[in-house]
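Novice: Below are the structure tokens for one structure; questions will follow.
Number of protein chains: 2
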Amino acid sequence: MGGPELENLIGLFARLPGLGPRSARRIVLKLLRERENGLLPLAEALRSAAASVRTCTNCGNLDSSDPCAICAEPLRESRICVVENIADLWALERAHVYRGKYHVLGGTLSALSGRGPEDLAIAPLLKRLEQGGIEEIILALPATVEGAATAHYLTERLRRFAIPLSRLAQGVPIGGAIEILDEGTLATALRARGAA
Amino acid sequence: MGGPELENLIGLFARLPGLGPRSARRIVLKLLRERENGLLPLAEALRSAAASVRTCTNCGNLDSSDPCAICAEPLRESRICVVENIADLWALERAHVYRGKYHVLGGTLSALSGRGPEDLAIAPLLKRLEQGGIEEIILALPATVEGAATAHYLTERLRRFAIPLSRLAQGVPIGGAIEILDEGTLATALRARGAA
């Protein structure tokens, strides 16, 4: 249709999460229309990210420096927030309410998918805790069966450090209409109700 | 959050049609997870497309060769299908029902947007027709007010060539439920009804 280069480019875009052949074609046509402001900067940004972005050996975040900017920031509080993945870490950072450090597990325990403790970054977390100086561990794991299993497992493993361990509150999300919430959320919110 | 390279890359993806900050972050995280199979091939495909893909000087299609593969194909019928843009040309090619050539106008006439005939590739179309040998012109323009105005204008301009001029049929789209169709489509389909 538009030669092998175009077909290849469209195919690569179509494989990205949330995209398909139709949206990939739209994107590629727009990029080619704006070659100087669209296509070339994107190619350069990808090349530059490939060259410079690495995984932080301390916490598992992605950054152009290792340790990452968060681990290197001297004013961060001596707390570690344990998250499943980097997207969750970024979401917490965007909320601007947490000023501590992070630890990316890289997944949750899952018997179904065959993911055991050795598949998650638990050993590096224990190592960080052994170095001391951590005042609190916050488990910010997904409110799913697998997230709960992982939180339970970590609670057992981290007990010996005698560091205060907390987890995110569960309940009605802000802006959420009651009528569309599932029974699990409603039950949790009702059980954990507080003074009005 | 992830350093300037990542912020820049996410920002560029977020500006693409159909994407936003959230989907851009998902895409970038996936690309970085699959650096060898995702990020680097995409950077290379963009670079290669920027270097090789050009606009066909004959019909306005995008391809790695000029004239494009369609214009260069010797077995294509001596018809020209006039389309608004390259996405429309590709859609017709995917349908595998048309074996002629194309002409990309690059837009439709629009008093509102201030697009006049001189903003569309009409002069190159007239030039192609002056060279002779074209047996039919098919107007495959959008079924909108602007598409109809453009079709009307072209009909007047092309009259002097005395080449059969046709346009796409309008009616109920295949697979379309009647109840969701707008009044305009229903009226058109009823007026243009044929033997059952």
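Chains as they are written, first to last, in the numbering used here: chain A, 1 to 196; chain B, 1 to 196. Even for Gly, the Cβ is constructed at its ideal location relative to N, Cα and C. Given the structure is predicted, the values throughout are model-derived calculations rather than measurements.
1. Below 8 angstroms on C-beta distance, what does lysine 30/A contact in chain B?
2. I need the straight-line Cα distance from isoleucine 70/B to leucine 19/A, nearest angstrom please.
3. Tell me which residue opens and which closes the beta strand (DSSP E) that cysteine 81/A is part of.
4. Where isoleucine 80/A and alanine 45/B are concerned, what is the direct C-alpha to C-alpha distance, given to the nearest angstrom?
5. If we cut at 9 angstroms on Cβ distances, does valine 104/A have a partner in chain B?
6. Are the C-beta atoms of glutamate 77/B and some chain A residue less than 9 angstroms apart?
7. At the level of alpha carbons, what is the spacing between alanine 51/B and leucine 16/B?
8. Which runs of the beta strand (DSSP E) at least 3 residues long sit entirely within the segment 122-189 of chain B? Give them in chain order.
9. Quick check: the Cα distance between leucine 126/A and leucine 92/A, rounded to an integer number of angstroms?
10. For glycine 132/B, tell me which candidate among Phe161/B, Gly2/B, Asp66/B has the shortest Cα-Cα distance.
11. Which ranges would you report for the alpha helix (DSSP H) in the segment 48-119 of chain A if only whole runs of at least 4 residues count?
12. May I ask you to list, following chain order, the residues of the segment 108-126 of chain A that have a beta carbon less than 9 angstroms from some beta carbon of chain B?
13. Buried or exposed for alanine 95/A, please, with buried defined as at least 16 other CB atoms from any protein chain shown within 10 angstroms of its CB.
14. May I ask you to report which of helix, strand or coil DSSP gives leucine 19/A?
15. Alpha helix (DSSP H) containing arginine 14/B: first to last residue?
16. In chain A, what lies closer than 8 angstroms to glutamate 5/B by C-beta?
17. Hey, glutamate 183/B and proline 142/B are a contact pair by Cβ (cut 8 angstroms); roughly how many whole angstroms apart?
18. Helix, strand or coil for glutamate 36/A? Go by DSSP, reduced to three states.
19. Under 9 angstroms between the Cβ atoms of glycine 116/B and leucine 105/B?
20. Determine the contact status of serine 48/B and glutamate 34/A, defining contact as a CB-CB distance below 9 angstroms.
21. For arginine 208/B, which of helix, strand or coil comes out of DSSP?
Specialist: According to the structure data:
1. By Cβ distance, chain B contributes Leu16, Pro17.
2. Approximately 27 angstroms, taken between the alpha carbons.
3. 79-83 is the extent of the beta strand (DSSP E) around cysteine 81/A.
4. Looking at the two C-alpha atoms, the distance is approximately 40 angstroms.
5. Valine 104/A does not count as touching chain B.
6. It does not: the Cβ of glutamate 77/B has no partner Cβ on chain A nearer than 9 angstroms.
7. The alpha-carbon atoms of alanine 51/B and leucine 16/B are separated by roughly 20 angstroms.
8. Taking only runs of at least 3 residues, the beta strand (DSSP E) segments lying wholly in the segment 122-189 of chain B are 136-140, 165-167.
9. So the alpha carbons of these two residues sit roughly 22 angstroms apart.
10. The residue from Phe161/B, Gly2/B, Asp66/B with its alpha-carbon nearest to that of glycine 132/B is Phe161/B.
11. Fully enclosed alpha helix (DSSP H) runs of 4 or longer: 69-72, 86-95.
12. Listed in sequence order: no entries.
13. By the Cβ neighbour-count rule, alanine 95/A is exposed, with fewer than 16 other Cβ atoms within 10 Å of its own.
14. Residue state for leucine 19/A is assigned as coil, using DSSP reduced to three classes.
15. Inspection of the sequence shows that residue 14/B is occupied by alanine rather than by arginine. Unbroken alpha helix (DSSP H) run through alanine 14/B: 3-14.
16. Those within 8 angstroms of glutamate 5/B in chain A are Ala45, Ser48, Ala49, Ser52, Val53, Ser64.
17. No, glutamate 183/B and proline 142/B are not in contact; Cβ-Cβ is about 18 angstroms, not under 8 angstroms.
18. Helix at glutamate 36/A.
19. If you check the CB distance, glycine 116/B and leucine 105/B do not come in under 9 angstroms.
20. Taking C-beta atoms as the reference points, serine 48/B and glutamate 34/A fail to come closer than 9 angstroms.
21. This structure does not reach residue 208/B, given that chain B is present from 1 up to 196, and the question cannot be answered.
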